[in-house]
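Encoded as structure tokens, the structure appears first; notes follow it.
There are 2 protein chains.
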Amino acid sequence: MAQSTPEGGSGWGPPGAGQEVTVPVPAAAGSGPISHAIFRLARLHRMFAGQLLRRIGLHPGQELVMMHLWELGPQRQADLVRLMDSDAATMTRTVRRLEQAGFVRRRPSPTDKRASLIEPTAASHALRREVEQVWSQLEDLSTAGLSDDECTAALRTLERLERNLVQAAADSTGANRER
Amino acid sequence: MAQSTPEGGSGWGPPGAGQEVTVPVPAAAGSGPISHAIFRLARLHRMFAGQLLRRIGLHPGQELVMMHLWELGPQRQADLVRLMDSDAATMTRTVRRLEQAGFVRRRPSPTDKRASLIEPTAASHALRREVEQVWSQLEDLSTAGLSDDECTAALRTLERLERNLVQAAADSTGANRER
DNA sequence: GGAAATTACCTGTCCGAACAAGTAAATCAC
DNA sequence: GTGATTTACTTGTTCGGACAGGTAATTTCC
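Quick mapping for you: the protein sequence lines, in order, are chains A and B. Following this note's numbering, the numbering of the first sequence begins with 515 at its first residue and continues without gaps. Following this note's numbering, the numbering of the second sequence begins with 515 at its first residue and continues without gaps.
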């Protein structure tokens, strides 16, 4: 991992704010500062989550599935896909790996022969506290030194960016074919 | 802590949109609102970048390599790894794919028989404007409707979160072995 | 000069993510 | 009821990303 040492951010130029940036902004990415910041933050965040989850035998993404199952009980894969806004193919493999790891069991749906219900195993419940601890820890690390107001503001900022992209995606797919 | 959970994050329904295009925040993730927001934003952002890059024959990540090469000229793989804070193994494969795609060429380093210099091909320069356009477009979509001040604030927020994680990573690695 | 550590790169493996394509079952339309 | 469409799921492929391990060249230190 070896995140580079804090050092000179090549100021990209907005008014006033001439503060140091902690990350290498090698000017090549000066093009899209926000995009690049999202990219780097995401990478770091994912790496951190992976590092924490690794200790409890999960990979990033798997813990989300487990959390949904613990909270909502048995779900079909399609439900999990919808809950996580994920991909059906990815879910197939993720569930299979969770099954092989013994955290999940499949049961054929009584009402739909196409579907199977995914349910957490008894063994998996021992993980629940640990997973919640990991998420809590990750949240604390991310928001270290931020006041409640700042956290709220940060959350709003992230959601605003997300909303923009959701909107753009809706526009672009909607432009092609009316849904 | 940091458990603000402002009203489940819902409530932004675009007026009149007869569909719940927005994002599922299924309470299971209410645990770490910031973490989850980062996760979702990153996923969307990456998906969008991939969609845009796909049209010009690149995959997410490859464009970063190319941008560095265009800007800095021939680099060793190790340099690219450092510039992108990436992984050596990943870089090996990324460079090979870029080479197979004809965007990059390898030349043995004159001073170091272990290393090879990666340089952009002439053909690749036709891509440069398109790549920059993609980044510009991505930035515009992300920051749609944001004022300059809001953009700056958003950037600072992202960098603050990143700095926290960088710090946490430095702490955890530094705790194990003093560097 | 020569052993030991470091550096640069490659390969294998596993994972999530996305796309394409396919199968089977359920639902809809007529 | 039959045919068309939709839904649920699977597999194959390709990519980035991370880890483990391996080779060769370089540097460090004695």
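The C-beta atom is built at its ideal place from N, Cα and C for all residues, glycine as well. Note that this is a predicted model, so its numbers are computed, not measured.
DSSP, reduced to helix, strand and coil, places I570(B) outside both helices and strands of the structure shown, so it counts as coil. P547(A) belongs to the set of residues whose beta carbon lies under 8 angstroms from a beta carbon in chain B. With a threshold of 8 angstroms between beta carbons, L655(A) makes contact with chain B. For S630(A), the uninterrupted beta strand (DSSP E) run begins and ends at 630 to 634, by DSSP. Contact check between the region 599 to 616 of chain A and the region 553 to 562 of chain A: fewer than three CB pairs, one atom from each, fall below 8 angstroms, which does not count as touching.
Interface flag for R554(A) against chain B is set, since a Cβ pair is found closer than 8 angstroms. Cβ atoms of F617(A) and L641(A) come within 8 angstroms of each other, at about 7 angstroms. Within the region 632 to 661 of chain A, the residues whose Cβ lies closer than 8 angstroms to some Cβ of chain B are E646, W649, S650, L652, E653, D654, L655, S656, T657, A658, G659, L660, listed in chain order. With its beta carbon at least 8 angstroms from every one in chain A, F617(B) lies outside the interface. Here N678(B) is actually not in contact with L566(A); their C-beta atoms are around 15 angstroms apart, not less than 8 angstroms.
Bounds of the beta strand (DSSP E) holding P622(B) are 618 to 622. Close to chain A, meaning a Cβ-Cβ distance shorter than 8 angstroms, are the following residues of the region 574 to 594 of chain B: L578, M581, H582, W584, E585, L586. Ranked by Cα distance from G571(B), the options M581(B), A667(B), V645(B) are led by V645(B). The C-beta of V680(B) comes closer than 8 angstroms to at least one C-beta of chain A. Taking all protein chains in view, the Cβ of R621(B) is surrounded by fewer than 16 other Cβ atoms within 10 Å, so the residue is classified as exposed. For L586(B), the enclosing alpha helix (DSSP H) begins and ends at 576 to 586. Using beta-carbon distances, T671(B) counts as an interface residue toward chain A, with a partner under 8 angstroms. Burial check for H639(A): the Cβ neighbour count within 10 Å stays below 16, so the residue is exposed.
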